[in-house]
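Residue numbers (the working numbering): 1341 to 1870.
In this text, a Cβ means the ideal position worked out from N, Cα and C, and glycines have one as well.
In what follows, a structure is listed as structure tokens, so that the remarks can point back to it.
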């Protein structure tokens, strides 16, 4: 019996040492120096017991966060005192919700060991919590020293002498700013919101006994997935935001470039035009002084040299994830943005390049005297597999993303001497052109006559052209106005590309002394005629 009593005593003594040690560690971790800064209550219950937090507690109840802060999950609350919230209209539930979620974070953040730390808040904003020398601040507001590091049963509480205003990000700014209705209508119409019950937290029930959640909503927007996640806080962007007048002017200027076939053609033309306007508005960088930079790359990959002109007469807004410049005009040059050159490298087979009576090989220009003049240092070799002129060898290049407008079309050849410096022969060739006609019917292999005109006539024969020896030859094919645009998206079938250029060898086997029957093609290029 005596041994049993001694054993119980040892166990109790050990438990006393353990709990004392835990309390000491708690005090050390939370910087607690006084019993006044410890409470057995949860965060909400403790705040309710503090008269100077009455307004903030009322806001917690309005938003449902009274229930959240009563649960065992760990939080840190930077609670503004009543005087700090005196000017807040608590009937404005949106404002109240913004303020509440901007002052609560998951996990514990005592002042001990804090120099400067960026805290991720429940509203997904980032706020700086730091030492100020004489004390601590949160979002630039002072923490009341004798009211800091309150250790509640489910987290830490700091009293603030002010409240940290909710700062909008670029996406939110578009939704709120006056004069951006056209831009906002287009972008916001593409958004999809889906409730995620698995990630949401049940915070209570309503008057009908139904569960009420601190909801997690999954947000998607196919346009933002292409131009930039301007709704998140962990990346920095600069955005050019056209006001209504700028939007309408740009829309009317470029809409004729996006004429589209089909029953839904008018709607598709509108959507294509709208995307053309926004695709170069976002830059993944912080531009505080546009005149200080020599180039900008949009999230679509287009480069703008000396871009200060893009920001002329704009109004700068500093936001939580970068800068938004509201502009009265979209000043992009057509050739830098929506109406660029279309270049199809000879070696590019991704659009379904094909050949007849020929083998195709990729070759490098490295080591040759012409290397600096060859695009991408590569070219395509079209080697004939036949000898009969009745079955000439050829290669066909699909050309995606043509707009409904005028282009000059060229084919660029690398000379025979790029493969053999002693070979000074030229090439002879013909061109055949395919496109979607104005009546909506596909035109296949229209001929190109000696005046570079496109001829759609039964029995018409294409004229024969030739390259120059020993130099890169940029041969003019034709000038053509496309009646409809033909945009190609990644994943589309190659058959959706209606514009094609076929290059056919025109030299006979008997002419091989003067003309090389193996063609070497650097690229095909379509240059917009403004």
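Buried or exposed by the 16-neighbour rule on C-beta atoms within 10 Å, applied to residue i
i	result
residue 1804	exposed
residue 1480	exposed
residue 1597	buried
residue 1649	exposed
residue 1768	buried
residue 1625	exposed
residue 1646	exposed
residue 1351	Below a pLDDT of 50, predicted positions are generally treated as unreliable, and residue 1351, at 36, falls in that range; the measurement from the model is reported next regardless. By the 10 Å Cβ count, residue 1351 comes out exposed.
residue 1557	exposed
residue 1773	buried
residue 1855	buried
residue 1871	This structure does not reach residue 1871, given that the chain is present from 1341 up to 1870, and the question cannot be answered.
residue 1465	buried
residue 1521	exposed
residue 1574	exposed
residue 1638	buried
residue 1738	buried
residue 1858	buried
residue 1836	exposed
residue 1686	buried
residue 1813	buried
residue 1613	buried
residue 1505	exposed
residue 1537	exposed
Best match in the options for proximity to residue i [C-alpha to C-alpha]
i	options	result
residue 1689	1712, 1659, 1674 and 1721	1721
residue 1741	1787, 1840 and 1475	1840
residue 1816	1866, 1797 and 1860	1866
residue 1653	1671, 1799 and 1501	1671
residue 1430	1679, 1400, 1452 and 1412	1400
residue 1800	1411, 1809, 1789 and 1599	1789
residue 1518	1582, 1575, 1578 and 1537	1582
residue 1570	1531, 1622 and 1693	1622
residue 1497	1387, 1454, 1574 and 1585	1387
residue 1513	1614, 1488 and 1663	1663
residue 1413	1423, 1447 and 1483	1447
residue 1821	1536, 1454 and 1749	1749
residue 1444	1383, 1474 and 1434	1383
residue 1667	1680, 1584, 1602 and 1609	1584
residue 1870	1478, 1408, 1404 and 1676	1676
residue 1591	1674, 1476, 1660 and 1385	1674
residue 1391	1417, 1594, 1421 and 1378	1421
residue 1810	1770, 1734, 1708 and 1751	1708
Residue i in three-state terms, based on DSSP
i	result
residue 1661	coil
residue 1375	Interpretation of residue 1375 is limited by its pLDDT of 34, a score under 50 that renders its predicted location unreliable; the figure taken from the coordinates is listed afterwards. Reduced to three states, the DSSP call for residue 1375 is helix.
residue 1538	coil
residue 1811	coil
residue 1325	With the chain covering only 1341 through 1870, there is no way to say anything about residue 1325.
residue 1324	Beyond the ends of the chain as shown, which are 1341 and 1870, falls residue 1324; an answer cannot be given.
residue 1776	strand
residue 1614	helix
residue 1380	coil
residue 1392	helix
residue 1865	strand
residue 1875	In the structure as shown, the chain begins at 1341 and stops at 1870. Residue 1875 is therefore absent and cannot be evaluated.
residue 1603	coil
residue 1819	strand
residue 1631	helix
residue 1406	helix
residue 1836	helix
residue 1524	helix
residue 1782	strand
residue 1436	helix
residue 1711	helix
residue 1400	helix
residue 1670	coil
residue 1805	strand
residue 1675	helix
In DSSP terms, what residue i is bridged to
i	result
residue 1417	1444 and 1497
residue 1643	1637
residue 1849	Answer is none; residue 1849 lacks a bridge partner.
residue 1721	1701 and 1860
residue 1843	1735 and 1771
residue 1656	1665
residue 1684	1864
residue 1695	1735
CB contact below 9 Å: residue i versus chain C
i	result
residue 1858	Looking for chain C here will not work: only one protein chain is present.
beta-carbon residue i near the ligand GTP non-hydrogen atom, thresh 8 Å
i	result
residue 1802	This structure simply doesn't include the ligand GTP, nor any ligand for that matter.
Practice task
Please specify which runs of the beta strand (DSSP E), each continuous and at least 3 residues long, are wholly inside the region 1729-1773, giving them in chain order.
Solution key: 1734-1738 and 1746-1753
#### Entry: Ranges of the alpha helix (DSSP H) found wholly within the region 1572-1599, counting only runs of at least 4
1584-1594
Scan the region 1445-1475 and note each continuous alpha helix (DSSP H) run of 4 residues or more that stays entirely inside, going in chain order. none
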